[in-house]
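Numbering (our numbering), first residue to last: 48 to 537.
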């Protein structure tokens, strides 16, 4: 019997546009950012290295993005899509498709049919495009809906962290991980399950009032009707582009406002407002319970901050001011001004893209940006510093400071006072020796990291197996979790 052999179409190391035939094709993009179209037939498309665009066309096709951030579209037929390495987008199209994200942060869209989703490694999201309300339960690895014939359709969810619902009244349930849940339109029911879970309202067309202490969110729709949504086991909220009211509960909540003049009330617990989605520089003052920015029209927008302890700024030049409590202030990128106010206050530089030099005795922090320009930030009433993932220099003042270098080969100088070097953020065990003035660890990539410790009196370890060694002075050693060895020195 004669076999139907595929037509083989090879690309180059450059950017190719490769069209299949009406029959069975095997199309290989190789290098470059390629466009591969299978057209008709049961086709096999391989993107190769690069950011590729693969379309199966008619027929039951196999699409493999391979390395790069790829876009895969199965089109018609029951297709098998594999994103490979990279942050990929997979669209099943019509038919019962199998979508495998592979490595990276992938977006999976099933389309019509009974689909099988496996996100693979990374944080992956399933987007439901059905014309019916969906019930998706990550703890049960499945999603169901009732079709036009009144039949229950069951889809499979493997290695999925996040869910985006339909325009109808969905039920979205998380698992024991940290899940992101989007409802789109409709009166939706959210249950985050275990973990730290976020409900996102950024697709809403109306201002939202979400109250975690009442387990509900409401908005007024186009018909003037109040729509009520349910929030169970939700810790964090992201608002809409309108004037939202976001209220926390007695836990530690994270609240994002997006655009609009928003009202934040963290409730009890240690609560953080994030301005990282804002398009303008922010001035946020916890002592005044408000934040302001100037919008595109040149109008000052005023937002309210109640029961908020911590702030995260924008990508612009922010002013972040604490109150008389113990505040955490994180500036994101930009040339920021920090004033902790009274209390024991922390500035965290973890969102910076460059190594930082922060000196509390000089009330400033500096870094060199991509253009080679020195950026200077101001540090007022700050007692504690947290560095970046790069090789930082963190210097204290004459108070009792805590310095946490994070990843990289950091230089920590406590200055005068009783100062602590903390390794709480380390993902591996640490050997810190005050006699030698060093702290060493082997990171998850197998690389040796060495920190320098000057004028440090106390040590806080990681949550792994640490060896903390004091010197001839009066030291305090905290091992935290893990099997730790604490040696006091002389």
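In this text, a Cβ means the ideal position worked out from N, Cα and C, and glycines have one as well.
Residue 211 carries a strand assignment under DSSP once its states are collapsed to helix, strand and coil. Taking the C-beta atoms as reference points, residue 504 is found nearer than 8 Å to residue 465. Taking residue 470 as reference, the option from 446, 75 and 528 with the minimal CA-CA separation is 528. Three or more beta-carbon pairs drawn from the stretch 97-107 and the stretch 115-133 are found closer than 8 Å, and the two stretches are therefore classed as touching.
Contact annotation: residue 151 and residue 165 have beta-carbon atoms that are not nearer than 8 Å. Proximity to residue 173 across 370, 233, 159 and 204 peaks at 204, based on C-alpha coordinates.
For residue 458, the enclosing beta strand (DSSP E) covers residues 458-460. Under the DSSP assignment, residue 174 falls in the beta strand (DSSP E) whose first and last residues are 172-174. Straight across, the Cα-Cα distance linking residue 115 with residue 72 is about 22 Å. Around residue 380, the same chain offers 362 as residues with beta carbons nearer than 6 Å, after the five sequence neighbours per side are excluded. Annotated as proximal: residue 396 and residue 435, with beta-carbon spacing under 8 Å.
Counted as a single uninterrupted DSSP element, the stretch harbouring residue 322 is not any beta strand (DSSP E), since DSSP gives it neither H nor E.
Counting other Cβ atoms within 10 Å of its Cβ, residue 403 reaches 16 or more and is therefore classed as buried.
Annotation: the continuous beta strand (DSSP E) that includes residue 154 extends over 154-156. DSSP places residue 475 outside any beta strand (DSSP E), giving it a letter other than H or E.
Using a Cβ distance threshold of 8 Å, residue 241 and residue 269 do not count as a contacting pair. Taking 8 Å as the cut-off, the Cβ atoms of residue 351 and residue 374 do not count as close. Excluding its 5 nearest sequence neighbours in each direction, residue 339 has C-beta neighbours in its own chain below 6 Å: 330, 347 and 349, listed in chain order. Taking residue 235 as reference, the option from 249, 228, 217 and 221 with the minimal CA-CA separation is 217.
Residue environment for residue 481: buried (at least 16 other C-beta atoms within 10 angstroms of its C-beta). Annotation: residue 108 is outside any beta strand (DSSP E) and is labelled neither H nor E by DSSP. Scanning its chain for C-beta atoms nearer than 8 Å, with the 5 sequence neighbours on each side dropped, one finds around residue 502 the residues 443, 460, 461, 462, 463 and 466, in chain order.
Under the three-state reduction of DSSP, residue 96 is assigned to coil, being neither helix nor strand.
In the structure shown, residue 66 falls within a strand segment according to DSSP collapsed to helix, strand and coil. If you draw a 10 Å sphere on the C-beta of residue 302, you find 16 or more other C-beta atoms in it, and that means buried. Nearest neighbour of residue 256 by Cα position, chosen from 275, 168 and 365, turns out to be 275.
Residue 139 is positioned such that its CB atom lies closer than 8 Å to that of residue 146. CA-CA distance, residue 112 to residue 70, rounds to 21 Å.
If one requires a minimum length of 3 residues, the beta strand (DSSP E) runs lying completely within the stretch 493-531 are 495-501, 505-507, 514-516 and 523-525, in chain order. Exposed is the label assigned to residue 520, since fewer than 16 other Cβ atoms lie within 10 Å of its Cβ. Rounded to whole angstroms, the gap between the alpha carbons of residue 498 and residue 160 is 55 Å.
When the beta-carbon positions are compared, residue 370 and residue 407 stay at least 8 Å from each other. Residue state for residue 193 is assigned as strand, using DSSP reduced to three classes.
For residue 411, the enclosing beta strand (DSSP E) begins and ends at 411-415. Taken through DSSP and simplified to helix, strand or coil, residue 390 comes out as coil.
Taking a 10 Å sphere around the C-beta of residue 454, we find 16 or more other C-beta atoms and assign the residue as buried.
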